[in-house]
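Comments concern the structure below.
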Amino acid sequence: RARQIPGYEDPATLASETPFTVSEVEALFELFKKLSSSIIDDGLIHREEFQLALIRNRNKKNLFADRVFDLFDVKRNGVIAFGEFVRSLSIFHPNTPEVDKIDFAFKLYDLRQTGFIEREELKEMVLALLNESDLVLSDDVVETIVDKTFVDADSKGDGKIDTEEWKEFVARYPSLIKNMTLPYLKDITLAFPSFVMNSEVEDSE
Amino acid sequence: RPVIMNAFELISTSQGLNLSNLFEK
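Rendered as structure tokens:
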């Protein structure tokens, strides 16, 4: 059944390229099947399915869920296949080097993929976060938050944050990439026994 | 004086960036 899924990749191959073990990749396949069949049962995760799982709402636009989807969709064909899902999730593994997490976060925040996080992009993200959280701040306050952050992060003072400045900034504020690590990815089989149970059933089939 | 938050710290709290939500039932 797994082989009928478009873009299915051998768990052993995926395990060899990521910090996951073969049985963990199999457990992730159970999760993938669930996510990829929540709206359209075609073995691929569509944007709406991803967003539904992340923010429990398929209609409300969420800039950040959109950005994560775009980065997971490595082939940029509008869907996340199993291999893309596992490789992208591996960034969030506790054993993945921090430099990869810092790089991923930079790409997330570089909304227009110019190689820089620009002031306008940061403001757009702050406004999106406020909107998502039903928080209202005056434009003055938003401008102040963005300005202060830029003064702090843009050490070269050229009005944009490059990857080097970003690395220095994260080194000073490590909490900024806390959400780039999912502790339980280290032992998915313990954290998600139901997925393992299912994958064992499949193994014996 | 109000504490001025780090904008990146603020946006890192987005639900859309909390991948653990993918694992919730």
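The listed protein sequences correspond, in order, to chains A and B. Counting with my numbering, you get residues -15 to 189 for the letters of the first sequence. Counting with my numbering, you get residues 22 to 46 for the letters of the second sequence. The C-beta atom is built at its ideal place from N, Cα and C for all residues, glycine as well.
Our two residues, F53/A and G141/A, have alpha carbons roughly 31 Å apart in a direct line. Using beta-carbon distances, I24/A does not count as an interface residue toward chain B, since no partner is under 7 Å. Assigned with DSSP and collapsed to three states, E102/A falls in strand. The C-alpha of Y(-8)/A lies about 44 Å from the C-alpha of D136/A.
Closest in alpha carbon position to E116/A, among G27/A, K162/A, A49/A, is A49/A. Between S33/B and N43/A, the gap from beta carbon to beta carbon reaches 7 Å or more. F66/A: member of the alpha helix (DSSP H) spanning 66 to 73, first to last residue. Taking 7 Å as the cut-off, the Cβ atoms of L(-2)/A and H77/A do not count as close.
Our two residues, I145/A and F100/A, have alpha carbons roughly 5 Å apart in a direct line. At a Cβ-Cβ threshold of 7 Å, G37/B and N46/A count as neighbours. For K151/A, the three-state secondary structure derived from DSSP is helix. For N163/A, the nearest CB of chain B lies under 7 Å from its own CB, placing it at the interface with that chain.
Considered as a whole, the segment 91 to 135 of chain A harbours 103 to 116 as its complete alpha helix (DSSP H) runs of no fewer than 4 residues, in chain order.
In the displayed model, I145/A falls within a strand according to three-state DSSP. Note: I29/A is bridge-paired with I64/A in the DSSP secondary-structure output. Only residues of its own chain outside the window of five on either side were considered, and among them D84, K85, F88, M164 have a CB closer than 8 Å to the CB of I75/A, listed in chain order. Burial of R51/A is indicated by the presence of at least 16 other C-beta atoms within 10 angstroms of its C-beta. Taking C-alpha positions only, R40/A is separated from V9/A by approximately 24 Å. Using a Cβ-Cβ cut-off of 7 Å, A49/A counts as an interface residue toward chain B, since at least one Cβ of chain B sits closer than that to its own. T80/A and V58/A have their C-alpha atoms some 18 Å from each other.
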